[in-house]
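Residue numbers (the numbering used here), protein chains in the order written: chain A, 223 to 867; chain B, 223 to 867. Worksheet: the structure to be examined is printed underneath.
2 protein chains.
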Amino acid sequence: MEKETFTVTFFHPQPTKVKVTKGKDLLSSAIEAGVFINSSCGGDGVCGRCKVIIKKGKYKTEPSGRISPEEREKGVVLACQTIVLSDLEVEVPPTSRLDLGQVSEEDLKLLRLKGIYSSPVDIDKGKDLIKKDLFIHSPLATKLYLELPPPTLSDTVSDLERLYREIRKIKDIPIMQTGLTNIKKLGRLLRESEWKVTVLLGKRNGTVEIVSIEPGDTTDKNYGVAVDIGTTTVSAQLVNLNNREILATKATHNTQASFGSDVITRIIYASEGGGLEKLHHAVIDNINGLISELTRQAQIALTDINGVVCAGNTTMIHLLLRVDPTFIRREPYVSTANFVPVIRAAEAGIKINPRGLLLCVPGVSTYVGGDITAGVLACGLNRKEELSMLIDIGTNGEIVLGNKEWLISCSASAGPAFEGSGVKCGMRATKGAIQRVEIIDKDEVRVFTIGEVRPKGICGSGYIDCLAELFRKGIIDRTGKFKDINSKRVREGSEGKEFILVFKEEYDLPEDIVITETDIENLKRSKGAIYSAGFTLLKKLSLSFKDIKEFFIAGGFGTYLDIDKAITIGLLPDLERERFTFVGNSSLVGAREILLSYQAKKEAESIAKKMTYLELSTEPGYMDEYVSSLFFPHTELERFPSLIK
Amino acid sequence: MEKETFTVTFFHPQPTKVKVTKGKDLLSSAIEAGVFINSSCGGDGVCGRCKVIIKKGKYKTEPSGRISPEEREKGVVLACQTIVLSDLEVEVPPTSRLDLGQVSEEDLKLLRLKGIYSSPVDIDKGKDLIKKDLFIHSPLATKLYLELPPPTLSDTVSDLERLYREIRKIKDIPIMQTGLTNIKKLGRLLRESEWKVTVLLGKRNGTVEIVSIEPGDTTDKNYGVAVDIGTTTVSAQLVNLNNREILATKATHNTQASFGSDVITRIIYASEGGGLEKLHHAVIDNINGLISELTRQAQIALTDINGVVCAGNTTMIHLLLRVDPTFIRREPYVSTANFVPVIRAAEAGIKINPRGLLLCVPGVSTYVGGDITAGVLACGLNRKEELSMLIDIGTNGEIVLGNKEWLISCSASAGPAFEGSGVKCGMRATKGAIQRVEIIDKDEVRVFTIGEVRPKGICGSGYIDCLAELFRKGIIDRTGKFKDINSKRVREGSEGKEFILVFKEEYDLPEDIVITETDIENLKRSKGAIYSAGFTLLKKLSLSFKDIKEFFIAGGFGTYLDIDKAITIGLLPDLERERFTFVGNSSLVGAREILLSYQAKKEAESIAKKMTYLELSTEPGYMDEYVSSLFFPHTELERFPSLIK
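In structure tokens form, the structure reads like this:
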């Protein structure tokens, strides 16, 4: 018997209709409709982020503590907990909308995606991490123009061997391969182009492939794209493979967030029927969208893109390739592949030159992916005489320590708080996010937003500031609890005490912007996880933070990260501030270098092979150290001497 | 406006119907209907082999000298010269039918396909060309059973690297590759099979590929097929890749013959719209048919065939791969590829393990293909201290001369006479072909047929005997003309004088079996082309036939080739008969060795690279030598001293 079908109309605010069968949940219906709704828990009804308002129609919903009685009255439900029983009209409030529009050029600057390392202007200023001539220019895909000697009765070598012969006159290539597709069209192509052709050579797993052959000289058209697949943001940069020129950079939200905000939720989703397929298509759509935008902006043909390099954490790379990530979260937490062979981009669904190549930056382990390898490459940890440390603050906080001799990494479950998730008024570091906070006194607060617009929520760097200021001004104690003080900004909320940063009346907001005691607890756990991870890693090697010459701080913060305040809350160790550099998206920089240089690719491989991984969960002492760090700044105050002053 | 369509019914003798548009020619209609009709000239109306009888309906036909007035009265037309103007009923007489049935086991023996080199029994007798342990056993596809150590918290290397690590414990493989298809299923496969898997490793162009991965131990199922793609016959042999055992051998007619009997006609056909496609499908159907027969006979699964090696002349390999052969026949006669990379068999349309490999034996030049390379490998010319010569008698007569130091080849346009084509009563060396002739005197003749059945026509070895006998008995003179003698067997035919070998009344045949003066002229040109090619090649190197220690004679003769008579007519030089060995299908033997041994493959490559090619058409002296050889046995009788006696 066929199930009844109903029409669900989502207003977000444009109406979008979708036909669904009776009993389907609203979150799935929204995804089918292409309406992307926030969701952190992957549909478990826990995160309370997928609130929608039913305007009309019959439904059934599970009761949830996330919905207040006033909200319930207004028809607010959790989309994931609500099933369709008739035609429905559903409003998606702004707070639940996942903004999937392209990030604006301005935002990009803010996001530091074209930051100090990527923009040619900044490179001129000598601010780039990677010097232009550090790696030998030898891109993933190279073009070679050849004028072949036409065959004669005394030189009757076949077309293919003639081509090989000519290429080998110029390049020393022991193993050369090509596919039947090229061979099939070779005879006619060579003759119709009067023996003048351009071959596209691709580097594939220790061999060189003739990727494609074009008539005439097309060597000037050879582009590539570097991609950083973040759990939250996907960033891409278009480069000219001939001369390293950066032509454009774009970013977009990772649509996968709609299926769960963190990696674990997505792995669970992927393990269910059709889930892997959906997550794969989500990120592929993101990448194709970015590439298509980039080519439009640079006015080049999509088919002149001959290579793509993707860096991402291990799960993101699995999902990119449609490889089942199920086993990543089952003990002993093993991925299917950390070193993925170079394949044709089309095999993954990426729309460039149909024969163009896709290289995934090799990862170290399940929890330390190619994004970290690329980051290490970009920061040059592996080339430095003295010890340095890369701290990538994200849902998984990854830490790498080392020098030119050795590299060791670890990964800490920091939670999504610094990415603006799992905290009451948290948001990603985009326009409208409070990224800087000054507390003048317990009643007076100044906030600064990204883009200097009306505040919408708080991002990671805003929370760091906020915590540091609350602590410095004595509003919270060392455990993160509100002191018993009298302030118009401190009140009892639904989740315990909270501090109001912005009153809704100030900017005509739907609600006050607050930081709750629960938020502070979450943030404390995040900062504690990262600090104690770094500490434990060093201790394991009989080292301490002061032995580190340079710290590179990467992560999805805004334009601004106040190192001093990060130290105040105990996220970073208390050392001379000059030792710290905020590097933004080092993964994208590394991916670009790999795209442009085989030497950089080999170096990335050597980084990934050389890097050892310390599993913290089984490391004795880590839990104690973690618990000790659940104070501001730390149980052992003497570790933060500059704060005592 | 749409064209009218008509139904053509072919009786061959079963009725087969096909719908065709008005004006379509009957030969194309027959091919579309799957009715295969003889045709040598590819539809030019020249060969007169595609005679059919119109029983009913309207048609238009071009007048042809190939149709006698009596035939015309009966409704006989050339299919290629006749267009359809209404529904038609067409009878395909036996003489025009291309018998596409499988060659029987008996025929196979006759055809020497399982002859002295291929049958295990014969190998035991020490008769095989290639000793069992000559080449290191190292087949195109190898299976390896692995029991992987399952990952633990202290050994978290990824699934793919775990697999690589385990393989490298057993085999030293510097460059290992695998496709996304395998990676996608790897995680689940390893766990569901409890880390016990069989990997199929394939050798691809200097690297090793993990072709596929199966759960459990399947190492006992690993088969391969060697194929010789002859212009006339396609032969295939099924072997166990683990232990070299030959499981079955089959042959079938090359269906391409229906589109033209020789290589040049097929190249022309391929250059026309859709022609390449049809020729490609014809040979692929043949190969798939053979493989399917072989697997049925050996009772193994088609998908357990993991590798195929094909040897064939350069044009056959182009058509196999659907590579346009057009430029092979345009000056300076260059092929698209002589060294074809190893590809997946499925790419060419061969139905085995979908990821199984196809290797084409490398060729030397446009006119000396992989079949000759394989033949040289099988006969071991390249391993011998002393000089030897391989003479492959076919439409193109290929000759290779050399020893372990050097190899030189040439190719002579011998024409199809020795393959039974272009001669009045010629046929291929199959059942019913006269392969041995004894002329007792001018009136009494004894003929012996393949399979000892009623004679149907004459094959190459029959013609050699016939010529030698006619010459010895003084019935023809040294130029090949009939002497003025009185015999019931010599008469004036439609094409001049002819000699009757078999009167139709003897066996109730539709027509007498004869050899005409035109046939003799054709055969004389064929034998002259081959002899003079060998002579010229030797002369170029200041050598002569007597410097050759061993001659290997290959070609599509029957069970029988009378070396003495081949010398009598001047096809082979007049030397001690012990120097000659008739080797049958040496190409298939070579292909099989390459399938079984990477060392043999490397040796084949070195043969193809080392072998130089002498282009006879531009060689001064060749034409003179050719003209001198257009006598029986030769203008210079002193070259054949044993005949003078």
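Beta carbons are placed, not taken as given, at the ideal position from N, Cα and C, and that holds for glycine.
- [ ] Determine the extent of the alpha helix (DSSP H) in which P863/A is found, giving its start and end residues.
- [x] Here the alpha helix (DSSP H) through P863/A covers P863 to I866.
TODO: Determine the closest residue to D663/B out of I550/B, V545/B and N708/B, with distance taken between C-alpha atoms.
DONE: With distances taken between Cα atoms, D663/B lies closest to N708/B.
- [ ] Just tell me which of H502/B, V590/B, S380/B and I742/B has its CA closest to the CA of F640/B.
- [x] Each of H502/B, V590/B, S380/B and I742/B was checked against the Cα of F640/B, and the nearest Cα belongs to I742/B.
Task: Chain-order list of residues whose beta-carbon lies under 8 Å from that of E499/A (same chain, five-residue window excluded) - done: If you ignore the 5 residues before and after E499/A, its C-beta comes within less than 8 Å of the C-beta of R544, all in its own chain and listed in chain order.
Task: CB contact flag (I735/B, L723/B, <8 Å) - done: Going by beta carbons, I735/B and L723/B fall inside the 8 Å limit.
- [ ] Please work out which residues of its chain come closer than 8 Å, Cβ to Cβ, to N427/B, disregarding the five sequence neighbours upstream and downstream, and give them in chain order.
- [x] Setting aside the 5 residues that flank it on each side, N427/B is surrounded in the same chain by P563 and V564, each with a C-beta closer than 8 Å to its C-beta; the list follows chain order.
TODO: Could you please tell me which residues of the region 585 to 598 of chain A, in chain order, have their CB closer than 9 Å to any CB of chain D?
DONE: The structure shown contains no chain D; the protein chains it does contain are A and B.
Task: Short-range partners of chain A found in the region 551 to 574 of chain B, where Cβ spacing is below 8 Å - done: Per Cβ criterion, the list reads E553, P554, Y555, V556, S557, T558, A559, N560, F561, V562, P563, I565, E569 and A570.
TODO: May I ask you to list the residues that DSSP assigns as paired with P437/A?
DONE: For P437/A, DSSP records a beta bridge to V419/A.
- [ ] Give the secondary structure of H475/B by DSSP, where H, G and I count as helix, E and B as strand, and everything else as coil.
- [x] H475/B falls in the strand class under three-state DSSP.
Open item on the list: Per DSSP, what are the beta-bridge partners of G619/B in this structure?
Closed with: BP columns for G619/B point to A634/B.
- [ ] Ignore the nearest five residues each way along the sequence and tell me which others in T548/B's own chain have a CB closer than 6 Å to its CB.
- [x] For T548/B, where only same-chain residues beyond five positions count, the Cβ hits under 6 Å are S493.
- [ ] Taking only the alpha-carbon atoms, compute the straight-line gap between Q519/B and R488/A and give it to the nearest angstrom.
- [x] Taking the CA atoms as reference points, Q519/B sits about 51 Å from R488/A.
- [ ] Check the Cβ of K406/B against every Cβ in chain A and list those closer than 9 Å, keeping chain order.
- [x] For K406/B, the chain A residues whose Cβ falls inside 9 Å of its Cβ are L543, R544, V545, D546 and T558, in order along the chain.
Task: beta strand (DSSP E) segment containing K365/B, residue limits - done: Counting along the chain, the beta strand (DSSP E) containing K365/B begins and ends at A363 to E369.
Open item on the list: Helix, strand or coil, according to DSSP, for T588/A in the structure here?
Closed with: Reduced to three states, the DSSP call for T588/A is coil.
TODO: Taking only the alpha-carbon atoms, compute the straight-line gap between I171/B and K365/B and give it to the nearest angstrom.
DONE: Here chain B covers residues 223 to 867 and nothing more, so residue 171/B does not appear.
- [ ] Ignore the nearest five residues each way along the sequence and tell me which others in M538/A's own chain have a CB closer than 6 Å to its CB.
- [x] Counting only Cβ-Cβ distances below 6 Å, and skipping sequence neighbours, we find I451.
Task: 7 Å Cβ shell around G348/A - same chain, five flanking residues per side excluded - done: A caution first: G348/A carries a pLDDT of 31, below 50, which makes its placement in the model too unreliable to give a value.
Open item on the list: I need the DSSP call for E720/A, collapsed to helix, strand or coil.
Closed with: Strand at E720/A.
Open item on the list: What residue range does the beta strand (DSSP E) around A533/A cover?
Closed with: In the DSSP assignment, A533/A falls within the beta strand (DSSP E) that extends over I527 to G534.
Task: chain A contact for R390/B (CB, 8 Å cutoff) - done: Not closer than 8 Å to any Cβ of chain A, the Cβ of R390/B fails to qualify, so no.
Open item on the list: Does the contact criterion of 3 or more C-beta pairs under 8 Å hold for the region 670 to 682 of chain B versus the region 645 to 654 of chain B?
Closed with: In short, these stretches touch, since the Cβ pair count reaches three.
TODO: Kindly indicate if chain B contains any beta-carbon less than 8 Å away from that of S380/A.
DONE: Cβ-Cβ to chain B under 8 Å: yes for S380/A.
Open item on the list: What ranges does the beta strand (DSSP E) occupy inside the region 811 to 862 of chain B, keeping only unbroken runs of at least 3 residues that lie completely in it?
Closed with: Restricted to the region 811 to 862 of chain B, the beta strand (DSSP E) segments that are unbroken, complete and at least 3 residues in length are 834 to 836, listed in chain order.
Task: Spatial distance of S864/A from D796/A (CA atoms) - done: The C-alpha of D796/A is placed about 7 Å away from the C-alpha of S864/A.
TODO: Quick one: grab the DSSP three-state call for Y685/B.
DONE: If DSSP states are grouped into helix, strand and coil, Y685/B belongs with the helices.
Open item on the list: Against chain A, does G619/B count as a neighbour if the rule is that its beta carbon must be under 8 Å from one of theirs?
Closed with: The Cβ of G619/B sits no closer than 8 Å to any Cβ of chain A.
TODO: For I397/B, return the contacting residues in chain A, with the cut-off set at a CB-CB distance below 7 Å.
DONE: For I397/B, the neighbours in chain A by C-beta distance under 7 Å run, in chain order, N427, G428 and T429.
Open item on the list: Can you find the residues in the same chain that come closer than 8 Å, C-beta to C-beta, to I382/A, ignoring five residues on each side of it along the sequence?
Closed with: Position check: residue 382/A holds Leu in this sequence, whereas Ile was assumed. Counting only Cβ-Cβ distances below 8 Å, and skipping sequence neighbours, we find T400, I405 and L408.
Open item on the list: Beta carbons nearer than 8 Å to chain A: which residues of the region 600 to 615 of chain B have them?
Closed with: Cβ contacts with chain A: none found.
- [ ] Classify S286/A as helix, strand or coil using the three-state DSSP reduction.
- [x] Three-state result, S286/A: coil.
TODO: Determine the DSSP secondary structure at E499/A, reduced to helix, strand or coil.
DONE: Helix.
TODO: Identify whether P677/A lies in helix, strand or coil by the three-state DSSP scheme.
DONE: Here P677/A sits in coil by DSSP.
Open item on the list: Please classify A813/B as buried or exposed, where buried requires at least 16 other C-beta atoms within 10 Å of its C-beta.
Closed with: Taking every protein chain shown into account, the CB of A813/B has 16 or more other CB atoms within 10 angstroms, so this residue is buried.
Open item on the list: Which same chain residues end up closer than 8 Å to K296/A when comparing Cβ atoms and leaving out the 5 residues on each side of it in sequence?
Closed with: Only I275 meet the Cβ criterion.
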